[in-house]
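Novice: In the order they appear, the protein sequences are chains R and A. Under the numbering used here, the first residue of the first sequence is numbered 1, with each subsequent residue one higher. Under the numbering used here, the first residue of the second sequence is numbered 1, with each subsequent residue one higher. Yeah, the Cβ is synthetic: ideal placement off N, Cα and C, and Gly gets one too. Since the model is a prediction, treat every value here as computed from it, not as a measurement.
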Amino acid sequence: MKSRAEITFYLNGQKQVVRGEQTLFTVSDFLRYEKSLTGTKVVCAEGDCGACTSLLASAQSADSTRFKAINTCIFPVLGLDGGHLITIEGIADGERLHPIQESMIKCHGSQCGFCTPGFVCAMTAMTEDFLTKKKSSPSADLTAKKVKNSLTGNLCRCTGYQPIIEAALDTDLTKITPLRERYTSRAQSAELKKVIKIPAAIEWANGKVHLPTTVKQATALKAANKNLKIVAGATDLGVQVNKGRLRYTEIMSLQNIAELREIKESKSKVSVGARVSLAQLQSFIAAKDPELDRILNLFASPQIKNTGTLIGNVVNGSPIGDMIPYLLATDSEVVAASKNGIRRIPISKFYVGYKQLALKPTEIVVAIEIPRRNKRDILRLFKVSLRKDLDISAVTFALRVRKSMKSGTVETARIVFGGVGPTVKRLDHFEKQWFGKPFERALFSRLSKEIQYHVHPISDVRGSKEYRLKLCQNLVVRAAHEIFDGDSQ
Amino acid sequence: MSTRSHVLGKSEFVDDIPFMSNELHVGYVGSPVAHGELISIDASEALRVEGIVAILSAESLHAKNWGTIVQDQPLLVDKVISHKDEPICLIASESRAALEQARKLVKFKIKSLPAILSLDEAIRKKSYLHSPTPFQCGDVERALKNAPHRHHGVFNIGGQEHFYLESQASIAYPQDGDFIKIVSSSQHPTETQHVVAHALGLPFHSVTCEVKRMGGAFGGKESQAAPFAAMAALMAQKLKRPCRIVLTKDDDMKVTGKRHPFQTHFDVGFDDNGKILGLKLKLYADGGAYTDLSPSILDRAMFHSDGCYFLENALIEGWVCKTHTHSNTAFRGFGGPQGALLIESLFEDVAQHLRRLGRDTDSAEIRVSNLYGKAERNQTPYGQIVENNLLPELFQNLLISSNYKKRRKEIDHHNKDSKAIIRGMAITGCKFGISFTTRFLNQGNALVHIHRDGTVQVSTGATDMGQGVNTKIQIVAARTFGIAIDDVHVTVTSTEKNANTSPTAASSGSDINGMATEIACKKILARLRQVALHAFKEVKDRQNNAPNEIELNSTMSERESSDLEQRIRFDCNKAIDTETGKTMPWKDLINLTYLNRISISDYGHMKTEGLAFDRAKGKGRAFKYFTPGAAVSEVSIDTYTGEVKILRADILMDLGRPIHHGIDRGQVTGGFIQGAGWMLTENLYYAEDGGLVSHSPTTYKIPNIQDVPREFNVGFLENDLNEGTVLKSKAVGEPPLLLSASVFAAVKDALRHRSHCPYIDLKVPATPEEVLKKLSPHEL
């Protein structure tokens with residue numbers, strides 16, 4: 001079988017072939033120390049501030065010339081395979097500033113300048129998207145709301161953001177030549193698409209990177225080395241490495257397995273592949289599931305959603321993982337693959353302890369299957385954090401109730417809380433209690449009063465146990481108000 | 001003026017400087033305990049890591065302590081550890097990876113000692129670093145006794161992390177001989193130079209400190225940039241190799257000081273209309289482990305505890321407490337915001353008190369009735385008269401432009417019916433004192449060179465941290481010379497060009513350095529005028545070796561100079577003889593001046609006139625002038641979760657005649673939002689061992705773009721009243737931060753609609769958790 005020992009990508013229009021240890025570097029280190037491209041800044045090294053934002057188009061995506069914002073400080077170089085990366089140095093066209101840069105100057109969107117390259121890149125990603133959308137709906141307008149949603153992943157400590165918002169809105173969009181036109185070509189796309197079809201095994205003195213192209217290859221590698229770490233979007237793994245909590249020497253990424261990039265829909269369920277990004281998922285469900293769409297908006301920045309995956313969030317197994325309550329409430333299943341085939345694990349059985357998964361060492365998660373909801377389902381999702389946007393939750397709450405067709409009594413209830421223990425918790429006690437009862441306020445009232453005996457949150461940086469408990473109680477009340485009084489969020 | 005290179009990603013910050021081939025990475029190893037006695041260090045294992053070049057401890061230092069006011073802070077722990085993560089030893093390494101590996105391998109033998117980790121405990125144990133002479137006016141005891149209404153209590157204000165995006169960073173380059181050149185991200189190159197020289201045992205002239213720009217600072221790099229520069233310099237001195245120290249964001253947040261947490265004990269007496277009759281305050285500032293700038297910060301808190309309101313009878317006392325945490329330091333406002341916040345918070349209580357007695361009153365009315373007056377009721381508790389007072393106009397105009405009255409009705413109406421969301425609104429004001437309260441710092445110098453092509457280079461002690469001071473200096477020079485802005489370049493700040501400079505702090509950067517620049521420019525202009533006059537008189541072509549060289553008249557009377565000043569004007573890159581209408585291009589005049597062997601460079605020195613504060617008495621003129629402003633904020637609160645959202649903010653400020661609207665507006669929006677973060681979400685969370693847990697943006701939440709109010713109006717009340725400052729402008733850096741008090745007051749205003757508490761004794765920050773505590777429970 002054909003194989004390769006390097007990765008290939010483009011950087012600001014220049015072809016790059018990278019081998020060895022450098023494939024494990026963070027992209028920002030690679031840019032700053034190997035390429036002397038110091039415009040990309042690193043502040044938090046954990047994907048929370050956006051100073052390191054660059055733009056990536058990847059051959060693996062359906063739209064392989066669409067440039068998306070990513071956080072380069074936590075993204076490994078190996079993730080660039082088959083991609084085209086544009087850094088701040090590539091935004092201007094020679095001496096000619098990009099219209100975003102011009103308006104940032106004009107509107108005083110830059111003070112100290114340290115966050116500016118990241119903002120300019122995130123704003124450029126915003127205009128790339130907008131100009132693509134504009135083609136299909138010419139009447140679309142860039143609103144302050146859209147600007148804010150595009151820039152939730154970038155922190156600025158000087159301007160108070162107002163001048164940046166004004167700069168974005170002041171930009172003459174008609175003067176922009178999209179990066180897509182400036183930097184990509186058919187030949188280049190074809191070349192990169194060809195590259196990623198070849199499995200890669202990159203080895204150096206004390207490390208190894210695997211980029212298989214089929215699930216079969218991946219499970220074989222995992223069977224051969226049970227400790228093989230799998231990296232998805234690296235939005236958590238990258239942080240663990242940067243903060244010195246983890247060091248890995250052998251790693252596998254499923255990025256080049258085409259089938260894992262797909263969202264498959266059948267009558268009964270939606271199957272989300274292991275390499276489906278949260279952004280891809282969000283655009284798929286936006287119209288179908290506004291409740292999930294709303295939570296995804298608060299959940300993470302565009303940069304994180306462009307690289308982070310649903311499966312990454314699930315396998316990370318954090319008790320405050322924002323997607324887990326939703327998946328528990330919907331009775332989703334984890335699809336695990338090994339050399340011996342496929343196994344489905346109900347997500348309610350997937351977490352056995354704090355970050356402990358019911359996964360065999362030879363298995364890899366290849367998909368999550370979300371059952372389609374019935375018309376009789378009521379779903380409510382809540383997420384509370386210190387700062388509303390882009391913050392890890394203190395408490396999450398998901399509720400799904402299915403009423404029986406005839407009597408209107410509760411046929412199924414799923415009551416799920418996150419942030420209240422070592423794992424996300426389903427309150428089976430109440431789910432059973434609700435079964436067969438008329439669906440009415442009294443159920444909520446009792447749940448709110450008795451929840452204190454069923455969840456035992458701890459005090460930490462995100463909130464005291466008293467606060468968390470009160471939130472649990474209040475969120476139950478809020479759900480009742482929303483459902484019975486139509487008081488929406 | 002760096003904006004173009006900023007947006008291109010071409011602006012060079014310390015860590016963007018290419019590495020020298022022999023350069024080393026330096027890092028420190030911090031203490032695992034908050035308080036203890038260091039018995040021994042075992043670095044043997046760390047030294048075995050490949051790439052580690054040296055590990056040094058306090059013994060290698062020539063002088064062990066540093067400190068701006070009191071030299072009580074060790075650069076490296078010698079014997080006593082006074083806070084968690086306090087640097088104990090330094091490591092120099094060939095690579096960053098090896099450095100990080102080695103940092104985990106250094107072992108300490110420490111005898112742990114009991115630590116004071118809260119302000120409460122420090123107050124109880126009278127653990128004080130400093131206490132100044134109180135400010136007092138009138139007879140506060142009698143006023144309180146006779147007041148129809150009284151309210152007393154304790155107000156807690158949390159600290160705040162600067163969260164400058166560029167963490168502390170310095171590179172030390174050993175030069176010929178013993179000389180050291182420092183490149184640092186510092187607001188105070190002179191102090192950095194001095195601290196380095198002192199630590200290394202070098203005379204000041206052997207150390208140069210250079211600052212091109214900072215990726216944000218906000219006070220956090222005023223004193224606290226220096227120790228890191230000294231760490232890099234110590235290694236550079238010992239190893240004779242360039243050494244670079246760049247903190248990670250996590251380390252920076254753990255080890256550097258923050259805005260001081262305050263606890264204020266208050267006792268206020270007021271009349272039926274809410275007019276304050278007497279106010280007694282005890283301010284306790286958490287200084288952390290060492291003195292740093294705390295005495296001056298406490299001073300400023302005391303100076304600003306009147307807010308912008310007249311206090312006829314007041315007693316203001318203060319203490320800096322010592323605790324076993326990082327040494328707290330300057331942060332935009334420098335104690336002023338902590339001082340002023342109390343009184344703004346109090347007005348909400350006063351209004352609530354009167355409302356409970358059945359009075360139909362509004363906190364805005366109460367504030368207006370307490371504002372400083374113009375001709376009377378205009379003296380501060382420390383005896384300074386509030387001159388050119390535009391506070392009444394600011395409040396009045398803002399209440400109208402923000403539609404306050406109508407919105408108040410809407411809000412009341414909304415709160416009656418709404419279950420989920422309640423709203424609140426408040427107006428607050430500020431009058432920020434402009435001058436360093438340490439008098440000798442109120443001086444500055446500037447060096448101006450004109451080159452033969454007419455372009456100008458200016459250097460001052462000002463450092464640019466994003467506030468645009470260099471752009472303002474550029475404007476001052478360009479306007480004074482009447483030339484295009486692009487013909488002026490403000491160069492890198494360096495102690496080689498400008499020595500004995502003051503920190504770029506106290507909002508004074510443009511005032512001091514701009515004024516010094518203007519003085520230097522004017523000295524050159526006086527010579528250029530004489531040359532121009534000669535040139536205009538003579539038709540003859542002046543060549544290089546013209547027989548009659550122009551000589552300066554050094555005996556000109558003041559009258560003659562003033563006449564000449566009237567006659568020869570500079571505008572549009574030309575010298576203009578207003579009597580004859582003759583003109584000469586700037587470039588030609590400059591070259592002509594040079595050819596006649598007359599200097600086209602000069603040095604300007606300024607000092608702020610009129611300061612006369614007597615520290616021993618706590619009386620006198622502490623400030624050159626005040627920068628006042630007012631803000632109306634409206635917030636909403638989610639009563640289920642305690643989450644707060646700022647719906648709208650309206651700000652109006654008196655900045656005299658602003659030098660640059662865009663820059664000043666950016667300072668206002670930036671300062672306000674930074675303050676709003678402090679009011680709402682920026683929560684410093686410490687573990688029981690005294691270590692900071694919220695040491696990265698994952699857990700420490702500064703405002704995000706979504707937190708900007710949907711409607712955000714900023715206006716200036718322009719005027720020419722501010723005489724004796726550069727181009728009649730006013731300092732702007734810190735004052736707008738104080739206006740974020742309106743956000744806090746608005747939260748209190750909202751809470752009164754749904755709270756079970758008689759007074760909303762809310763803490764800062766008003767996090768969702770804190771807010772939820774004050775809300776009555778929901779019923780189903």
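Taking only the alpha-carbon atoms, compute the straight-line gap between Asp-48(R) and Asp-141(R) and give it to the nearest angstrom.
Specialist: Position 48 of the first sequence, counted from the start, is the residue given in the question as residue 48(R). Position 141 of the first sequence, counted from the start, is the residue given in the question as residue 141(R). C-alpha separation (whole angstroms): 28 Å.
Novice: Identify which residue in Lys-84(A), Gly-461(A), Ala-225(A), Ala-731(A) has its Cα closest to the Cα of Asn-500(A).
Specialist: Start at 1 with the first residue of the second sequence, and residue 500(A) comes out as number 500. Of Lys-84(A), Gly-461(A), Ala-225(A), Ala-731(A), the residue nearest in Cα terms is Gly-461(A).
Novice: Helix, strand or coil, according to DSSP, for Cys-121(R) in the structure here?
Specialist: The residue you call residue 121(R) lines up with position 121 of the first sequence. In the structure shown, Cys-121(R) sits in a helix (DSSP, three-state: H, G or I).
Novice: Please say whether Thr-184(R) and His-84(R) have beta carbons closer to each other than 8 Å?
Specialist: Here the question's residue 84(R) lines up with position 84 in the first sequence. Here the question's residue 184(R) lines up with position 184 in the first sequence. In contact: His-84(R) and Thr-184(R) (Cβ atoms closer than 8 Å).
Novice: Output, in sequence order along the chain, the residues in the stretch 680 to 705 of chain A whose CB is closer than 8 Å to any CB in chain R.
Specialist: Thr-681, Asn-683, Tyr-685, Val-693, Ser-694, Ser-696, Pro-697, Thr-698, Thr-699, Lys-701, Ile-702, Pro-703, Asn-704, Ile-705
Novice: Taking the C-alpha atoms as reference points, what is the distance between His-695(A) and Met-253(A)?
Specialist: In the second sequence, residue 695(A) corresponds to position 695, counting from 1. In the second sequence, residue 253(A) corresponds to position 253, counting from 1. Roughly 5 Å separates the two Cα atoms.
Novice: Does any CB atom of chain R fall closer than 8 Å to the CB of Leu-165(A)?
Specialist: Taking the first residue of the second sequence as position 1, residue 165(A) is located at position 165. Chain R, which has a Cβ nearer than 8 Å to the Cβ of Leu-165(A), makes this yes.
Novice: Is the stretch 653 to 660 of chain A touching the stretch 207 to 224 of chain A, taking contact as three or more C-beta pairs under 8 Å?
Specialist: Result no; under three Cβ-Cβ pairs closer than 8 Å.
Novice: Could you name the residues that DSSP lists as bridge partners for Gly-36(A)?
Specialist: By 1-based counting over the second sequence, the position of residue 36(A) is 36. BP columns for Gly-36(A) point to Ile-81(A), Ser-112(A).
Novice: Per DSSP, what are the beta-bridge partners of Arg-414(R) in this structure?
Specialist: In the first sequence, the residue the question calls residue 414(R) occupies position 414. In DSSP, Arg-414(R) forms a bridge with Arg-400(R).
Novice: Could you check where the beta strand (DSSP E) with Tyr-351(R) kicks off and where it finishes?
Specialist: In the first sequence, counting from the first residue as 1, residue 351(R) sits at position 351. Unbroken beta strand (DSSP E) run through Tyr-351(R): 351 to 353.
Novice: Using a Cβ-Cβ distance under 8 Å, would Ala-92(A) count as near chain R?
Specialist: Here residue 92(A) is taken as the residue at index 92 of the second sequence, counted from 1. Chain R contact via Cβ: absent.
Novice: Going along chain R, which residues have a C-beta under 7 Å from Ser-2(A)?
Specialist: If you number the second sequence from 1, residue 2(A) lands on position 2. Within 7 Å Cβ-Cβ: Gly-113.
Novice: Residues of chain A with CB closer than 7 Å to the CB of Leu-475(R), please, in chain order.
Specialist: Taking the first residue of the first sequence as position 1, residue 475(R) is located at position 475. What Leu-475(R) touches in chain A: Tyr-640.
Novice: Whose C-alpha, out of Arg-567(A), Thr-323(A), Phe-331(A), is nearest the C-alpha of Ile-297(A)?
Specialist: The sequence position of residue 297(A) within the second sequence is 297, counting from 1. Taking only the C-alpha atoms, the option nearest Ile-297(A) is Phe-331(A).
Novice: What is the DSSP secondary structure of Thr-190(A), counted as helix, strand or coil?
Specialist: Against the second sequence, residue 190(A) aligns to sequence position 190. It is helical.
Novice: For Met-104(R), does the count of other Cβ atoms within 10 angstroms reach 16, so buried, or fall short, so exposed?
Specialist: Sequence index remark: in the first sequence, residue 104(R) carries index 104 (1-based). Buried, since its Cβ has 16 or more Cβ neighbours within 10 Å.
Novice: Would you check if the distance between the CB atom of Thr-40(R) and the CB atom of Pro-117(R) is smaller than 8 Å?
Specialist: To locate residue 40(R), count along the first sequence from 1; it is residue 40. To locate residue 117(R), count along the first sequence from 1; it is residue 117. In contact: Thr-40(R) and Pro-117(R) (Cβ atoms closer than 8 Å).
Novice: On the three-pair Cβ rule with 8 Å, is the stretch 305 to 322 of chain R touching the stretch 271 to 288 of chain R?
Specialist: yes
Novice: Nearest-angstrom Cα distance between Gly-153(R) and Lys-111(A)?
Specialist: Position 153 of the first sequence, counting from 1, holds the residue named residue 153(R). Position 111 of the second sequence, counting from 1, holds the residue named residue 111(A). Going by the C-alpha atoms only, they are around 44 Å apart.
Novice: Does any C-beta atom of chain A lie closer than 8 Å to the C-beta of Ala-279(R)?
Specialist: Working through the first sequence from its first residue, we reach residue 279(R) at position 279. For Ala-279(R), the answer is no, since every Cβ of chain A falls outside 8 Å of its Cβ.
Novice: What's the gap between the Cα of Gly-160(R) and the Cα of Lys-148(R)?
Specialist: Along the first sequence, one-based indexing puts residue 160(R) at 160. Along the first sequence, one-based indexing puts residue 148(R) at 148. When rounded, the distance between both Cα atoms is 13 Å.
Novice: So, is the C-beta of His-786(A) closer than 8 Å to a C-beta in chain R?
Specialist: Since the first residue shown for chain A is 1 and the last is 780, residue 786(A) is missing from the structure and cannot be characterised.
Novice: For the stretch 394 to 424 of chain A, which residues have a beta carbon sitting closer than 7 Å to at least one beta carbon of chain R?
Specialist: Lys-419, Ala-420
Novice: Taking the continuous beta strand (DSSP E) assigned at Arg-380(R), which residues delimit it?
Specialist: Here residue 380(R) is taken as the residue at index 380 of the first sequence, counted from 1. From DSSP, the beta strand (DSSP E) with Arg-380(R) extends over 377 to 384.
Novice: Does the separation of the CB atoms of Val-488(A) and Val-644(A) fall below 8 Å?
Specialist: By one-based count along the second sequence, residue 488(A) stands at place 488. By one-based count along the second sequence, residue 644(A) stands at place 644. Not closer than 8 Å, so no.
Novice: Give a yes or no on whether 8 Å exceeds the smallest Cβ distance from Val-531(A) to chain R.
Specialist: Locating residue 531(A) in the second sequence gives position 531, counting from the first residue. By this cut-off, Val-531(A) is not an interface position.
Novice: On the three-state DSSP scale, how would you describe Tyr-640(A)?
Specialist: In the second sequence, residue 640(A) corresponds to position 640, counting from 1. Three-state result, Tyr-640(A): coil.
Novice: Take Arg-343(R) and list the residues in its own chain whose beta-carbon comes closer than 6 Å to its own, dropping the five residues that flank it on each side.
Specialist: Residue mapping note: residue 343(R) aligns to position 343 of the first sequence, counting from 1. Excluding sequence positions up to five before and after Arg-343(R), its CB lies within less than 6 Å of the CB of Ala-336, all in the same chain and listed in chain order.
Novice: Quick check on His-413(A): buried or exposed, where buried means 16 or more other Cβ atoms within 10 Å of its Cβ?
Specialist: Position 413 of the second sequence, counted from the first residue, corresponds to residue 413(A). By the 10 Å Cβ count, His-413(A) comes out exposed.
Novice: Could you tell me the alpha carbon to alpha carbon distance between Val-366(R) and Ala-766(A), rounded to whole angstroms?
Specialist: Your numbering for residue 366(R) matches position 366 in the first sequence. Your numbering for residue 766(A) matches position 766 in the second sequence. Using only the alpha carbons, I get a separation of about 44 Å.
Novice: Can you pull the chain R neighbours of Gly-216(A), defined as C-beta to C-beta under 7 Å?
Specialist: Locating residue 216(A) in the second sequence gives position 216, counting from the first residue. Those are Cys-112, Phe-114, Arg-157, Cys-158, listed as they occur along chain R.
Novice: Can you pull the chain R residues whose beta carbon is under 8 Å from the beta carbon of Thr-256(A), in chain order?
Specialist: By 1-based counting over the second sequence, the position of residue 256(A) is 256. What Thr-256(A) touches in chain R: nothing, since even the nearest Cβ is about 15 Å away.
Novice: Taking the alpha helix (DSSP H) that Ile-165(R) belongs to, which residues open and close that run?
Specialist: On the first sequence, position 165 is the one that residue 165(R) refers to. Run containing Ile-165(R): 162 to 170, per the alpha helix (DSSP H) assignment.
Novice: Put Asp-251(A) into one of helix, strand or coil per three-state DSSP.
Specialist: As a position in the second sequence, residue 251(A) is number 251, starting the count at 1. If DSSP states are grouped into helix, strand and coil, Asp-251(A) belongs with the helices.
Novice: Output the distance between the C-alpha atoms of Leu-99(A) and Gly-51(A), rounded to the nearest integer angstrom.
Specialist: Walking along the second sequence from the start, residue 99(A) turns up at place 99. Walking along the second sequence from the start, residue 51(A) turns up at place 51. Approximately 8 Å between the Cα atoms of the pair.
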